[in-house]
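Chemist:
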Amino acid sequence: MNIVLLEPEIPANTGNIGRTCVATGTTLHLIKPLGFDISDKAVRRAGMDYWKDLDLRVYENYEEFLEKNNYPKVYMATTKGLKVYSEAAFERDAYIMFGKESAGIPEEILMENKDTCIRIPMIGEIRSLNLANSVAIVLYEALRQQNFSGMQEQGELHRHKWIDVK
58 MNIVLLEPEI PANTGNIGRT CVATGTTLHL IKPLGFDISD KAVRRAGMDY WKDLDLRVYE
118 NYEEFLEKNN YPKVYMATTK GLKVYSEAAF ERDAYIMFGK ESAGIPEEIL MENKDTCIRI
178 PMIGEIRSLN LANSVAIVLY EALRQQNFSG MQEQGELHRH KWIDVK
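In terms of the working numbering, the sequence shown is numbered consecutively and its last residue is 223.
If you want it as structure tokens, here you go:
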């Protein structure tokens, strides 16, 4: 799977998303400009010890992202999407894009990708969910559709075995 963040602004969100990507074997694509520093020093200072395990790719702009990935089909996560995210049939190597926290994905890009715009249902007049939460919701649906392929089959206790439970 591939998570794409277009011009992310809040480092804590990107850090949380990076951790989710490491835990799921997902590639994280960041499209500049970024609202924060991702140098080794900044990442260490933020306590993101898992960052070294992240499959991270950074692009100067949206066009470079498209070119370097052979113009992939991209699911556009937006509050304006016509389809609910659970209606999408995600491919094993799906690209799922999320826009910057303050403005989302530009409408010009959404219009070019109308058929792949997806949304998370919400009630009321709330503007949007937290970006890291939104990524987790949609990513785990995509992984569920792939039967969580390659992921840990069963959790293990630290001091006991599940076999001991009656």
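Each residue gets a CB set at the ideal place from its N, CA and C atoms; glycine is no exception.
#1: Evaluate L23 with the Cβ neighbour count: other Cβ atoms within 10 Å of its Cβ, from every protein chain shown; 16 or more gives buried, anything less gives exposed.
#2: Alpha carbon to alpha carbon, what distance is there between M58 and R149?
#3: Do V162 and M154 have their C-beta atoms within less than 8 Å of each other?
#4: Enumerate, from N- to C-terminal direction, the unbroken beta strand (DSSP E) stretches of 3 or more residues contained entirely within the stretch 59-117.
#5: Which whole-angstrom value describes the C-beta separation of S159 and E66, a residue pair presumed to lie in contact below a C-beta threshold of 8 Å?
#6: For G161, which beta-bridge partners are listed by DSSP?
#7: Kindly give me the distance between the Cβ atoms of L85 and G92, rounded to whole angstroms, as I take these residues to be in contact under 8 Å.
#8: Answer with buried or exposed for L196, where buried requires no fewer than 16 other C-beta atoms within 10 angstroms of its C-beta.
#9: Let me make sure I understand the geometry here. Which of Y119, K89 and T81 has the alpha-carbon closest to that of L111?
Modeler: Once the coordinates are examined:
#1: This structure leaves residue 23 out entirely; the chain is present only between 58 and 223.
#2: 6 Å
#3: A small correction: the amino acid at residue 162 is Ile; Val does not occupy that position in the sequence shown. Their beta carbons are under 8 Å apart, which means I162 touches M154 by this criterion.
#4: 59-63, 84-88 and 113-116
#5: 6 Å
#6: K157
#7: That belief does not hold up - the Cβ atoms of L85 and G92 are roughly 15 Å apart, past 8 Å.
#8: buried
#9: Measuring from the Cα of L111, the nearest candidate turns out to be T81.
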